[in-house]
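Q: Mind having a look at this structure? Questions to follow.
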Amino acid sequence: MIINSLKQMEKIVSKYKELHWVGWDVVERKRSDLGRTSPNGIRVKDTWYMQKTFNLDRRGWDIPNKYGE
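In this note's numbering, the protein residues as written are 542 to 610.
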């Protein structure tokens, strides 16, 4: 699903606790011990997560349909 409005994307990010802003990109973090050995793993406050980044491009943000309003 393509989101091309900043206002709409801000609303989606505020609605879902696993979504966060990193600059202009949106990051999805899910708690998982698999993050220890995964290239997509990240450690935040002594907890491991799997992280996926949705980069802003010319069309907007391409995010999964499950985050639809």
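Ideal Cβ positions, reconstructed from N, Cα and C, are used throughout, including at glycine. Small disclaimer: the values here were computed from a predicted structure and weren't measured.
1) Quick one: residues in its chain with C-beta nearer than 7 Å to the C-beta of residue 559, no 5 flanking neighbours on either side, listed in chain order?
2) Kindly give me the distance between the Cβ atoms of residue 567 and residue 604, rounded to whole angstroms, as I take these residues to be in contact under 8 Å.
3) Report the rounded CA-to-CA distance for residue 592 versus residue 554, giving the unit in angstroms.
4) Starting from residue 551, trace the alpha helix (DSSP H) in both directions and tell me its first and last residue.
5) Indicate whether residue 576 and residue 590 have their beta-carbon atoms separated by less than 8 Å.
A: Reading it off the structure:
1) 569, 570 and 571
2) 7 Å
3) 15 Å
4) 547 to 556
5) yes
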